[in-house]
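Under this note's numbering, the first residue of the sequence shown carries the number 6, and numbering increases by one thereafter.
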Amino acid sequence: MRLLRSTLPLCLLLALAGCGWVDQWVGEEPSPEPEITGEVQLQNLTLRQTNEKGQLLWLLQAAGARYQDDDRQQLEIQNLTGELKAEGKPAYKVAAKVVKVRQRQGQLWIEGRTTLTDLQHKGRIVADQLVWQGDRGVLIAQKNLQARYPQVTVTAKRLEADSQRQELRALNAVQVTSAAKEVKDLRLNTESLVWQQQPNRLLAGVVGEGGVTVVGVAGDRQGQRLQAQRAIWSISDQVVTLEGGVQVQLPDPALRVDGEMVRWLIPQQQLVSDRPLRVAYPTQGIQGQANRGVFLIAENRAIFDNAQINSQPQQAQLRAQRLNWWIPQQRVEASGQVEIQRPNAHLRTAQLIWRIPQQEVEAQGGVFYRQSHPRLQVQGQRAKGWLDRQEVIVSGNVQSEVPVQLRLP
6 MRLLRSTLPL CLLLALAGCG WVDQWVGEEP SPEPEITGEV QLQNLTLRQT
56 NEKGQLLWLL QAAGARYQDD DRQQLEIQNL TGELKAEGKP AYKVAAKVVK
106 VRQRQGQLWI EGRTTLTDLQ HKGRIVADQL VWQGDRGVLI AQKNLQARYP
156 QVTVTAKRLE ADSQRQELRA LNAVQVTSAA KEVKDLRLNT ESLVWQQQPN
206 RLLAGVVGEG GVTVVGVAGD RQGQRLQAQR AIWSISDQVV TLEGGVQVQL
256 PDPALRVDGE MVRWLIPQQQ LVSDRPLRVA YPTQGIQGQA NRGVFLIAEN
306 RAIFDNAQIN SQPQQAQLRA QRLNWWIPQQ RVEASGQVEI QRPNAHLRTA
356 QLIWRIPQQE VEAQGGVFYR QSHPRLQVQG QRAKGWLDRQ EVIVSGNVQS
406 EVPVQLRLP
């Protein structure tokens, strides 16, 4: 074996540049080596490479190898095992049944189904094509690849794992699924992904050549979906922050939310937006907008600040500093400078309950009512009205000691 290493200069492993199996490898391709004719059989082969500092870049063993001098100039290895090293420290364990290998100037190419165990982050990467850039501590994988870690599983067309920066980058048709039991159905789809393994968060939706990238997330409820240009998924506390053209679709009831930033607090099952957002409830003809809002998904309830709700069937508009909306029941509690308007009528108060299906309102505190035809206005402490019947009753400190009933035209 010593004689073989000295006479071939590892050309059995290095002279495969023309085999044609690499699509987009990064790095320098091996230069031609002295020609070898015929077929060479090797057993118990050891592959090792060091950098200029004498640090090992990889140390691999093979039960057997075969070099055939044909147009492809390939070395076929059986039962490959060993380690890839970054800065002299083990980074990945390698295992493969039958692969083709070549190495040159600090880079190792492997073609064939190979399993790599990430020793630092306790994960496993499987792919059909691999490049290990030992000097940089960068692993490049593509073709039928999957990266499975305790936190998430990632599939993509291409993956780069940087041992020094502790980052994993995935490109093209990327899908991330969560391994956590409470969010086992959560999926994230994008065209570009960066997993910062410290501090353990995913950055998805980096803008590429095509412009905007869409991120889709499916949660516990069937059909729940969030889309945006960018997403940050903090794995440690299970918070997904979506930014840029955010669209949220809730299935039951069928509700759509649009905004520029939404945070999904997964353990709390809340959607939070600190920026303006718009809400649509198409089946009930309701639309709304607010400066900020919180959706309590488990309770089917939403809380809005500085909000406005329009109900097309009732031709009514409600504005308030705070709205508490029980969505399936279509019951709204409003407080702080509350105003509700309909054609020909305007009611202002401090607190109001609006039961939308029954078209019923109840007002409390500083009630002021005005209508244009016939022209009148009245003040009181309480009011109750029915929008469909165009009727309102105002009571408490009115000009008359008895309740005043007004029938609207």
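Backbone N, C-alpha and C define an ideal beta-carbon position, used for all residues, glycine too.
This structure is a prediction, so every number in the text was calculated from the model and none was measured.
Between the options, which lies nearest to residue i when the distance is taken from Cα to Cα?
i       : options                            : result
His-378 : Arg-347, Trp-391, Val-403, Ala-355 : Arg-347
Phe-300 : Gln-326, Gln-320, Ile-291, Ile-271 : Ile-271
Asn-194 : Ala-161, Leu-381, Gln-320, Ala-152 : Ala-161
Val-151 : Gly-142, Arg-141, Arg-163, Val-143 : Checking the sequence, you will find Gln at residue 151 rather than Val. Gln-151 has its Cα closest to that of Arg-163, out of Gly-142, Arg-141, Arg-163, Val-143.
Ile-302 : Ile-82, Thr-55, Arg-109, Gln-229   : Gln-229
Gln-138 : Val-179, Glu-92, Leu-50            : Glu-92
Arg-297 : Tyr-286, Pro-281, Glu-172          : Pro-281
Leu-231 : Ser-239, Leu-207, Pro-256, Asn-177 : Pro-256
Gln-234 : Glu-248, Ser-241, Ile-240          : Glu-248
Asp-263 : Arg-71, Ser-278, Ala-175           : Ser-278
Ala-312 : Gln-326, Ala-285, Arg-394, Val-397 : Gln-326
Ile-361 : Gly-210, Trp-331, Thr-86, Gln-384  : Trp-331
Ala-285 : Val-253, Ser-400, Val-136          : Val-253
Gln-273 : Val-383, Ile-398, Arg-283, Val-188 : Val-188
Asn-49  : Thr-55, Ile-82, Gln-60             : Ile-82
Leu-144 : Gln-294, Gln-112, Gly-293, Ser-316 : Gln-112
Ala-339 : Gln-317, Phe-309, Pro-333          : Phe-309
Ser-183 : Lys-105, Thr-119, Val-245, Tyr-374 : Val-245
Gln-171 : Asp-140, Leu-198, Gln-147, His-126 : His-126
Gln-243 : Leu-198, Tyr-72, Val-399, Leu-276  : Leu-276
Glu-265 : Asn-329, Ala-295, Gln-319          : Ala-295
Asn-305 : Val-267, Gln-334, Gly-293          : Gln-334
Asn-177 : Asn-149, Gln-169, Pro-204          : Asn-149
Gly-250 : Leu-260, Val-267, Gln-203, Ala-259 : Val-267
For a quick check, are the C-beta atoms of residue i and residue j less than 8 Å apart?
i       : j       : result
Ala-96  : Lys-102 : no
Val-99  : Leu-52  : no
Asn-402 : Gln-376 : no
Ile-240 : Val-157 : yes
Trp-114 : Glu-88  : no
Val-366 : Gln-356 : no
Gln-369 : Trp-391 : no
Val-337 : Leu-352 : no
Ile-345 : Ala-321 : yes
Trp-200 : Leu-191 : no
Glu-165 : Val-179 : no
Leu-135 : Arg-129 : no
Arg-387 : Val-397 : no
Gln-292 : Asn-315 : yes
Using 10 angstroms around the beta-carbon of residue i, count the other beta-carbons present and answer buried if the total reaches 16, otherwise exposed.
i       : result
Thr-288 : exposed
Thr-354 : buried
Glu-214 : The predicted model places Glu-214 with a pLDDT of 44, which falls under 50 and marks its position as unreliable; any figure quoted below should be read in that light. Exposed, by the Cβ-count rule.
Glu-116 : buried
Lys-186 : exposed
Arg-109 : buried
Leu-381 : exposed
Lys-58  : exposed
Asp-123 : buried
Gly-69  : exposed
Gly-142 : buried
Gly-341 : exposed
Gly-394 : The sequence as given places Arg at residue 394; Gly does not occur at that position. It is exposed - the Cβ of Arg-394 has fewer than 16 other Cβ atoms within 10 Å.
Gly-290 : exposed
Arg-107 : buried
Thr-119 : buried
Ala-236 : buried
Gln-202 : buried
Gln-317 : exposed
Mind checking which residues open and close the beta strand (DSSP E) that includes residue i?
i       : result
Asn-329 : 321-331
Tyr-286 : 282-286
Lys-105 : 94-109
Tyr-154 : Premise fails: Tyr-154 is in no beta strand (DSSP E) and is neither H nor E.
Ile-291 : 291-301
Gln-317 : Segment: none, Gln-317 is in no beta strand (DSSP E) and carries neither H nor E.
Leu-207 : 206-209
Lys-389 : 380-391
Leu-173 : 172-183
Asn-194 : 192-201
Ser-239 : 235-239
Leu-247 : 244-256
Gln-274 : Segment: none, Gln-274 is in no beta strand (DSSP E) and carries neither H nor E.
Gln-138 : 128-138
Leu-124 : It is not in any beta strand (DSSP E) - Leu-124 carries neither H nor E in the DSSP assignment.
Gly-59  : No beta strand (DSSP E) contains Gly-59, which DSSP labels as neither H nor E.
Ser-377 : 365-377
Val-403 : Premise fails: Val-403 is in no beta strand (DSSP E) and is neither H nor E.
Glu-344 : 336-347
Ile-358 : 350-360
The ligand GDP heavy atoms versus the CB of residue i: any closer than 7 Å?
i       : result
Val-181 : You won't find the ligand GDP in this model; it holds no ligand whatsoever.
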